[in-house]
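Trainee: Per this note's numbering, the very first residue in the sequence shown carries number 144; after that it's consecutive.
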Amino acid sequence: SESAVFAYKCSDFYHPEEEGGIIYNDKNINIDWTCDTKDVLVSDKDLKLPEFDKNKKYFSLDGNWIGE
Numbered sequence: 144s145e146s147a148v149f150a151y152k153c154s155d156f157y158h159p160e161e162e163g164g165i166i167y168n169d170k171n172i173n174i175d176w177t178c179d180t181k182d183v184l185v186s187d188k189d190l191k192l193p194e195f196d197k198n199k200k201y202f203s204l205d206g207n208w209i210g211e
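1) Would you call the stretch 192-208 and the stretch 170-179 in contact, with 3 or more CB pairs under 8 Å?
2) May I have the straight-line CA-CA distance separating lysine 208 from isoleucine 166, to the nearest angstrom?
3) Nearest to aspartate 205 by CA position, among Asp187, Lys188, Trp176, Ser154, is which residue?
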C-alpha cells in the first residue's frame, strides 16, 4: 500500500510471552487486501492471533504494547 503505515517496535531482547498482534483477516477491521486470501500463507503462530477488540487497549499513550 502507498498509504499504510506499518509500525514495528523492538525495545529489548525477544520475549515470546510479550508478543501480540491482530489476525490479518479480522472482520471488524475489514481490510480489502485486493487479492484472493485463500492463497495467502499464514504461520501457525499468526493464525492464533485474536480479532480486534475496540474496547481493549493495545498500546499505552507512550507507544508501548500493552495488549495480550
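Positions of the beta carbon are idealized from the N, C-alpha and C atoms, including for glycine.
Mentor: Concretely, from the data shown:
1) Because the criterion of three Cβ pairs below 8 Å is met, the stretch 192-208 and the stretch 170-179 touch.
2) Before going on, a small fix: residue 208 reads as tryptophan here, not lysine. Straight-line Cα distance between these residues: approximately 16 Å.
3) Per the Cα distances, Ser154.
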